[in-house]
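Participant: Quick note on numbering: the sequence shown equals residues 1 to 270 in UniProt numbering. Sharing a structure with you now.
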Amino acid sequence: MKIGLIQFCPVPRNRDQNIATANKFTDSLKKGDVDYIILPEMIFTGYMFENKDDIKEFVEDGETGVTITWAKNLANRVNAFVQVGYPQVINKNGKELYYNAICIVSPSGQIRNYHKSFLYTQDEYWAEEGEGFQTYDLPELGIYRKIGPGICMDINPYKFKANFEEYEFANFHLKEDSHFIPCSMAWLSSGDEINLINYWLTRFSPLILKENTTPDQPIVIAISNRSGTEKDTKFAGGSCAFKIEGPKKLSLLGRLSEKQEGIIVVDTED
């Protein structure tokens, strides 16, 4: 499976310009180049919104919105799944509910929307909590067909209050036997890129230590994180992918540094 990880610093509240940037990184892709493309959390709008009124003009419906339409066009053109983060609005019983969401669009145009389950402080200003972690079956991905998508804070302890070693997200996907973990993120920078990767891997440790993982039935973790600064908040970049082929048998498939912008395509068979 070939995975495309896209990383850049979005211009806050300028969806058109951010889509143009994403196009710049994907225009050269053709059918066969990639099977699954991941973009960061809320990459076309920016991340720093202060309340529901602040984000109101940027929320989209989960079927025909600007982000969905863009993802469908790309998925169709390159014959790949496209995952991208965006703020979604759902009308429920006459009330508008906002979610920090990702869409996963298939080459045929089928849409799956996942809502961030564990909200970060910035999300709580405007977003509803998601319904819980999910898995999806994508037969086109072969041995990686059972996927478990995540959005940033999902991999942390709930509200930073749960026991660190509960590993809620990783243990959910351990139990569900997920084999591909694609994550869209707007993860903040600590200034130490090695510590960042080590922390991410720690949060996935139940999957890394899984006893029955084999080279014939591996697990792949892929992270697309945004870069740059928004409202004095610095983001960590560091998009990367790892392959797990047995207990503690882990290999880095590829990564971008904190400040890099662009797309990296990694091949799980390399």
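All C-beta atoms in this analysis are idealised placements derived from N, C-alpha and C, irrespective of residue type, glycine included.
Would you identify the three-state DSSP class for residue 271, choosing helix, strand or coil?
Facilitator: Because the chain is modelled from 1 through 270, residue 271 falls outside the range shown and cannot be assessed.
Participant: Give a yes or no on whether the C-beta atoms belonging to I38 and S224 are separated by under 9 Å.
Facilitator: yes
Participant: Opposite S184 in the DSSP bridges: which residues?
Facilitator: Paired residue(s): I151, S224.
Participant: For the beta strand (DSSP E) holding I102, just list the boundary residues, first then last.
Facilitator: Its beta strand (DSSP E) spans residues 95 to 105.
Participant: I need the DSSP call for H115, collapsed to helix, strand or coil.
Facilitator: Three-state result, H115: strand.
Participant: Would you please state the rounded distance, in angstroms, between the beta carbons of V220 and V34? I believe it to be under 8 Å.
Facilitator: In fact, because the Cβ distance is near 14 Å, the residues do not count as touching under 8 Å.
Participant: Pull the bridge partners of Q7 from the DSSP assignment, please.
Facilitator: G262
Participant: Where does I104 land, buried or exposed, given buried means 16+ other C-beta within 10 angstroms?
Facilitator: buried
Participant: By Cβ distance below 7 Å, which residues in the same chain neighbour A20 in space, the five residues on each side in sequence not counted?
Facilitator: none
Participant: For G148, does the count of other Cβ atoms within 10 angstroms reach 16, so buried, or fall short, so exposed?
Facilitator: By the Cβ-count criterion, G148 is buried, with 16 or more other Cβ atoms from all chains shown falling within 10 Å of its own Cβ.
Participant: For residue 271, count the other beta carbons within 10 Å of its own beta carbon; 16 or more makes it buried, fewer makes it exposed. Which is it?
Facilitator: Since the first and last residues shown for the chain are 1 and 270, residue 271 lies out of range.
Participant: Report buried or exposed for L119, applying the criterion of at least 16 other Cβ atoms within 10 angstroms of its Cβ.
Facilitator: buried
Participant: Strictly by DSSP, which residues pair up with N91?
Facilitator: DSSP output for N91 lists E96 as bridge partner(s).
Participant: Which term fits I194, buried or exposed, when burial requires 16 or more other beta carbons within 10 angstroms of its beta carbon?
Facilitator: exposed
Participant: What is the C-beta distance between A186 and C152, in whole angstroms, given that I count them as a contact (C-beta under 8 Å)?
Facilitator: 6 Å
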